[in-house]
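Taking the working numbering, the leading residue of the sequence shown gets 188, the next gets one more, and so forth.
Yeah, the Cβ is synthetic: ideal placement off N, Cα and C, and Gly gets one too.
Worksheet: one structure, shown below.
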Amino acid sequence: MSNVKTGELLSFQDYSPEHNAPSARIDVEAVHSNQYNNTMSSQNYTYEEPTNNDESPDQPPTNHNFWTIEYYQKYFDVQTSEVIERIISSVVPTKVSSSYFDDRIKAKPDLYGPVWISVTLIFTIAVSGNIASYLQNVNSAMHWRYDFHLVSYAATAIICYVWIVPLALWGAIKWTTVEAQDEEAIQGSTNPTMMSLFCLYGYSLSVYIPVAILWTIQVSWLQWLLVLLAAFVSGAVLIYWLLTTLRKSKYFLILVASILAVHFLLATGFMLYFFHIPSTVPSPAVISSTIKPA
């Protein structure tokens, strides 16, 4: 170190590559390549295509049995907006398109709305019927009691109507429809399914919910007017949506008259049994005379 000048220690020196000894270099790439080759030679590797676990092959939808709960799940998969729209269409069909039944109800029938409307109507009739009974006996000396049997009576009538009448109509349409010769008529519209008729009839009862409340008004002519109005509106909407299908039946007029008649009988039965004031005719006074023995 004594032979080295102080100026050389404090200055940077330029070392050219030619002064570097070959033995001082380390080939990093060669070392890495040798290690990779040794590893690959010691183990057997197979190349596999990367698979995406998120993508699964399309599986066909499983057909559930008619008696299982899974079969009916699709009929309760409906939005609230759709239920409201179908309720409106069951009262004012002009608010929706003319093909609403074919595009919406027939393509995607639901049971949520019919079940909800039926249950609501059952309790509305039961409660309103008891209110009407109370108003009828409010001025009488008889002690009034709540009639719980009205719930079971209303439930029996409504459930039988919602399920038996559409089933009978579906069978009548199926066995009385004349095969169309025109190809456009064949492709234009198909017969409604059983579920679509259940859906249609269930929504048609929605008009009776406000009518059942108005039936508590103890005015005879108003009650009969509500019967005619509710039966006509609900029955006319049913015929409006089923008119294309009913025209293909050879008993077209009979089916139309039957739909209106059954609807009128239902409304009349509701009003007479649950709400109507029975006409009371004063019984003639019986004069009893006692004859004193002589």
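Here the C-alpha atom of V314 lies approximately 16 angstroms from the C-alpha atom of T343.
Of all alpha-carbon atoms in T363, D334, Q410 and L412, the one lying nearest the alpha-carbon of F310 is that of D334. By a beta-carbon distance limit of 8 angstroms, V420 contacts V278. Their separation comes to about 7 angstroms. Within the same chain, Cβ atoms closer than 7 angstroms to the Cβ of T455 are found at V414, the five residues on either side in sequence being excluded.
According to the DSSP assignment, L387 belongs to the alpha helix (DSSP H) that extends over M381 to S391. For the options S286, Q260 and G422, the alpha carbon positioned closest to that of S445 is the one of G422. The beta-carbon separation of L392 and V349, rounded to 7 angstroms, stays under the 8 angstroms limit for a contact.
Counting the other Cβ atoms within 10 Å of the Cβ of R332 gives fewer than 16, which makes it exposed. When secondary structure is reduced to three states using DSSP, S421 falls in the helix class. Contact check for S383 against P301 fails: the beta carbons are separated by 8 angstroms or more. For T377, the secondary structure class from DSSP, reduced to helix, strand or coil, is coil. I318 is positioned such that its CB atom lies closer than 8 angstroms to that of T403. Listed in chain order, the non-local C-beta contacts of I304 below 8 angstroms within the same chain comprise I274, G389, Y390, L392, S393 and I396, local neighbours out to five positions each way being set aside. Looking from the CA of G358, the closest CA among I346, P379 and V338 belongs to P379. DSSP places T403 in the coil class of the three-state scheme, outside both helix and strand. Your pair L322 and Q410 does not check out as a contact, with CB atoms roughly 12 angstroms apart and the cut at 8 angstroms. In this structure, F457 lies near I312, with their beta-carbon atoms less than 8 angstroms apart. The Cβ-Cβ distance between F385 and L298 falls below 8 angstroms. Following the DSSP letters along the chain, one finds N326 in no alpha helix (DSSP H), marked with neither H nor E. Distance from the CA atom of E366 to the CA atom of T431, rounded to whole angstroms, is 13 angstroms.
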